[in-house]
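There are 2 protein chains.
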Amino acid sequence: MTQPAADSRPYHHGDLSRALVDAARRILETEGPAALSLRAVAREAGVSPAAPYHHFKDKGELLEAVAHEGWVALDKRLTEARSKATDSKDRMTGLGVAYVCFARDNPALYRVMYDRSRDKDSLPEQMKEEGAYCQVRDTIDERTGGTVSPIDLELATIAAWCAGHGLAEMISFKQFAPLKEMLGGEEAFLRAVFEHLGMFAKLDQA
Amino acid sequence: MTQPAADSRPYHHGDLSRALVDAARRILETEGPAALSLRAVAREAGVSPAAPYHHFKDKGELLEAVAHEGWVALDKRLTEARSKATDSKDRMTGLGVAYVCFARDNPALYRVMYDRSRDKDSLPEQMKEEGAYCQVRDTIDERTGGTVSPIDLELATIAAWCAGHGLAEMISFKQFAPLKEMLGGEEAFLRAVFEHLGMFAKLDQA
DNA sequence: ACATGGATCTGAACGACGTCAAGATAATCT
DNA sequence: AGATTATCTTGACGTCGTTCAGATCCATGT
């Protein structure tokens, strides 16, 4: 009874895995990805360096849990952006801007989400199964009125995703600063780049 | 005179920095980026763990040298691709395909080139000053016959680069395997995605 | 010719890291 | 209650990046 009342405190610490993921996210936000060591996470959670191994088989598995939360958060942001835009024309661009802004606002988390030092050639299932990826696909499908073959739809989604991811990784390059100013802010810059991509031109023509 | 004749052997080892970069690239190719420790590089070069510090101020500086060579190699590949395509229409797509193929064929090197754990928000000058970036820009300018404003040209280049980089990072995801087969190979898949991007649609309309 | 000096390498060491094995402790089960 | 299982700590191992004091080698000036 040394701990304050918690909903369920099944064991010594009380949902340590939850606390570890939170600690990891805290470190990511405050000190960046370079400082994200397993020992640091344990320290931040007030626990010995070996404790995490009872909840995650190794560091990678902890990072995977963190990444998972990132995908959920991204999903939420995209849903908001999608419901906000009433104009079907700008909905795609809005989705793209929201995506890149998420990466800009959570750079460390975004890095962990795409970190492939654990699973080399597979993207998180959560992304493809029922997550952000599907939102993009659905938006494209919506906009084209479902007149597009499944293969073309898949290709267009991949294309859009690549463009967004590429831009997300480059947005913080300081070389673009003058261009951003010239266009009147970062969001305007994003929109301009997306317009130049002319995404879905092929679909529009068809 | 214990060493075989070398062109210039100014000091004990004879151009150790050169040997270190080579060793690093060898390790990258054979064991991947995870195995690329400074000590491993020194070991591979047959030298003590502290020796590299007389040629590079830290590990990051060695990686920068490796990345630099990567950019040079990429530049070369893009030049080849550009000179090969005679059809001005397909030249852009060809450039994109060449870019992604470079990333696919040198995944570890490509990762080092874009590794931002050292310099957070700045891309290598070599890329922008007179390298691959300019090749893309020039190709776009060529194709549009120089009728494009400098700002639009810059934006289109950024857009193209983002698309290429995004695709380069995703190309190896195994989730795309069935799609690749359906389209008749990886290159066909790449071309299809690039077509769906409809890059430069805006420029074409103008 | 030979000493001086600076560049280059070695060896040993430090702290931090990921991980594991053995023991202690606390919750659960019977 | 006693036995069992899950959880956490302690301590250790090997590896890593980095530093520092010395050893070694080369170029140079006298």
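For the record, the sequence lines run as chains A and B.
If you read the first sequence in my numbering, its first letter stands for residue 3, the second for the next number, and so on.
If you read the second sequence in my numbering, its first letter stands for residue 3, the second for the next number, and so on.
Every residue gets a Cβ at the ideal spot worked out from N, C-alpha and C, and that includes glycine.
The structure displayed is predicted, hence computed values, not measured ones.
* To do: Pair every Cβ in the region 139-150 of chain A with every Cβ in the region 172-191 of chain B, then say whether three or more of these pairs are closer than 8 Å.
  => By the criterion of at least three beta-carbon pairs nearer than 8 Å, the region 139-150 of chain A is not in contact with the region 172-191 of chain B.
* Using the rule of at least 16 other Cβ atoms within 10 Å of the residue's Cβ for burial, across every protein chain shown, is Pro54 (chain B) buried or exposed? -> Locating residue 54 (chain B) in the second sequence gives position 52, counting from the first residue. Flag for Pro54 (chain B) reads buried.
* Under 8 Å, do Ala170 (chain A) and Val195 (chain B) count as touching if we go by C-beta distance? -> One-based indexing of the first sequence puts residue 170 (chain A) at position 168. One-based indexing of the second sequence puts residue 195 (chain B) at position 193. No; because the gap between Cβ atoms is not below 8 Å, this pair is not in contact.
* To do: Whole angstroms is fine: what's the gap from Ala1 (chain A)'s alpha carbon to Glu66 (chain A)'s?
  => No answer is possible for residue 1 (chain A): it lies beyond the span of chain A, which begins at 3 and ends at 208.
* Going along chain B in order, which residues have a C-beta closer than 7 Å to the C-beta of Gln137 (chain A)? -> The residue labelled residue 137 (chain A) in the question sits at position 135 within the first sequence. Within 7 Å Cβ-Cβ: nothing; Gln137 (chain A) doesn't reach chain B, min ~17 Å.
* Member of B:Glu71, B:Leu22, B:Phe191 and B:Leu192 whose CA lies at the smallest distance from the CA of Pro126 (chain B) -> Here the question's residue 126 (chain B) lines up with position 124 in the second sequence. Comparing Cα-Cα distances from Pro126 (chain B) to each of B:Glu71, B:Leu22, B:Phe191 and B:Leu192, the minimum goes to B:Glu71.
* For my contact list, Lys59 (chain B) and Leu40 (chain B) are in at a C-beta cut-off of 8 Å; report their separation, rounded to the angstrom. => In the second sequence, residue 59 (chain B) corresponds to position 57, counting from 1. In the second sequence, residue 40 (chain B) corresponds to position 38, counting from 1. No, Lys59 (chain B) and Leu40 (chain B) are not in contact; Cβ-Cβ is about 12 Å, not under 8 Å.
* From Pro35 (chain B) to Arg84 (chain A), what does the alpha carbon distance come to, in whole angstroms? -> The sequence position of residue 35 (chain B) within the second sequence is 33, counting from 1. The sequence position of residue 84 (chain A) within the first sequence is 82, counting from 1. Arg84 (chain A) has its alpha-carbon roughly 38 Å from the corresponding atom of Pro35 (chain B).
* If I'm right that Ser124 (chain A) touches Lys176 (chain B) with Cβ under 8 Å, what's the distance once you round it to whole angstroms? => Within the first sequence, residue 124 (chain A) is the residue found at index 122, counting from 1. Within the second sequence, residue 176 (chain B) is the residue found at index 174, counting from 1. 6 Å between Cβ atoms; contact.
* Pro152 (chain A), DSSP secondary structure in three states -> The count along the first sequence starts at 1 and reaches residue 152 (chain A) at position 150. Pro152 (chain A): helix per DSSP, three-state reduction.
* In the structure shown, what three-state DSSP assignment does Ala52 (chain B) receive? -> As a working note, residue 52 (chain B) is residue 50 in the second sequence. Reduced to three states, the DSSP call for Ala52 (chain B) is coil.
* Local conformation of Gly168 (chain B) per DSSP, three classes -> Translated into the one-based positions of the second sequence, residue 168 (chain B) becomes position 166. DSSP places Gly168 (chain B) in helix when its eight states are reduced to three.
* Just the chain B side, please: which residues come within less than 7 Å of Asp123 (chain A) by C-beta, in chain order? => The count along the first sequence starts at 1 and reaches residue 123 (chain A) at position 121. Correct list: Ser174, Phe175 and Lys176.
* To do: Using a Cβ-Cβ cut-off of less than 7 Å, give me the residues of the region 67-97 of chain B that come near chain A, in sequence order.
  => none
* Length-filtered (3 minimum) beta strand (DSSP E) runs lying within the region 80-107 of chain A -> none
* Asked: Does DSSP put Gly187 (chain B) in a helix, in a strand, or in coil?
  -> Position 185 of the second sequence, counting from 1, holds the residue named residue 187 (chain B). The answer is coil: DSSP assigns Gly187 (chain B) none of H, G, I, E or B.
* Using the rule of at least 16 other Cβ atoms within 10 Å of the residue's Cβ for burial, across every protein chain shown, is Asp107 (chain A) buried or exposed? -> Within the first sequence, the letter at position 105 stands for residue 107 (chain A). Asp107 (chain A) should be labelled exposed.
* Contact under 8 Å by Cβ, Leu38 (chain B) with Ala21 (chain B) -> Along the second sequence, one-based indexing puts residue 38 (chain B) at 36. Along the second sequence, one-based indexing puts residue 21 (chain B) at 19. Against a cut-off of 8 Å, the Cβ pair of Ala21 (chain B) and Leu38 (chain B) comes out as no contact.
* Among the residues of its own chain, which have a CB less than 7 Å from the CB of Val115 (chain B), if the five just before and after it don't count? -> Counted from its first residue, the second sequence places residue 115 (chain B) at position 113. Inspection of the sequence shows that residue 115 (chain B) is occupied by Met rather than by Val. These residues qualify, in order along the chain: Ala69, Gly72 and Trp73.
* Asked: Along chain A, which residues have their Cβ under 7 Å away from the Cβ of Met1 (chain B)?
  -> Past the boundaries of the shown model lies residue 1 (chain B); chain B is included only from 3 to 208, so the question cannot be answered.
* To do: Return no unless some Cβ of chain B is closer than 8 Å to the Cβ of Leu65 (chain A).
  => Taking the first sequence and counting its residues from 1, one reaches residue 65 (chain A) at position 63. Judged by the 8 Å Cβ criterion, Leu65 (chain A) is not in contact with chain B.
* **Below-8 Å beta-carbon distance, Cys164 (chain B) vs any chain A residue** => Reading the second sequence from its first residue, position 162 is the one you call residue 164 (chain B). Yes - at least one Cβ of chain A is within 8 Å of the one on Cys164 (chain B).
* Asked: So with Cβ pairs under 8 Å, would you call Ile216 (chain B) a contact of chain A?
  -> Since the displayed chain B opens at 3 and closes at 208, residue 216 (chain B) lies outside it and no answer follows.
* To do: Establish whether the CB of Lys61 (chain B) and some CB of chain A are separated by less than 8 Å.
  => Working through the second sequence from its first residue, we reach residue 61 (chain B) at position 59. With 8 Å as the cut-off, Lys61 (chain B) does not count as an interface residue toward chain A.
* Where do the N-terminal and C-terminal ends of the alpha helix (DSSP H) with Pro35 (chain B) fall, by residue? -> Stepping through the second sequence from its first residue, residue 35 (chain B) is reached at position 33. Membership of Pro35 (chain B) in any alpha helix (DSSP H) is not indicated, and neither H nor E is assigned to it by DSSP.
* Counted within 10 angstroms of its Cβ, other Cβ atoms place Pro109 (chain B) as buried (16 or more) or exposed -> Against the second sequence, residue 109 (chain B) aligns to sequence position 107. Buried, by the Cβ-count rule.
* **DSSP three-state assignment for Glu15 (chain A), whether helix, strand or coil** => Stepping through the first sequence from its first residue, residue 15 (chain A) is reached at position 13. For clarity, residue 15 (chain A) is His in the given sequence; the question names Glu instead. Reduced to three states, the DSSP call for His15 (chain A) is coil.
* To do: Output the distance between the C-alpha atoms of Tyr135 (chain A) and Pro51 (chain B), rounded to the nearest integer angstrom.
  => Numbered from its first residue, the first sequence carries residue 135 (chain A) at position 133. Numbered from its first residue, the second sequence carries residue 51 (chain B) at position 49. Taking the straight line joining both Cα atoms gives about 45 Å.
* To do: Compute the beta-carbon to beta-carbon distance between Arg193 (chain A) and Thr95 (chain A), rounded to the nearest angstrom, for a pair I have assumed lies under 8 Å.
  => Indexing the first sequence from 1 puts residue 193 (chain A) at position 191. Indexing the first sequence from 1 puts residue 95 (chain A) at position 93. Contact holds; Cβ gap of about 6 Å.
* **Ile173 (chain B), DSSP secondary structure in three states** => In the second sequence, residue 173 (chain B) corresponds to position 171, counting from 1. Of the three classes helix, strand and coil, the one that applies to Ile173 (chain B) here is coil, per DSSP.
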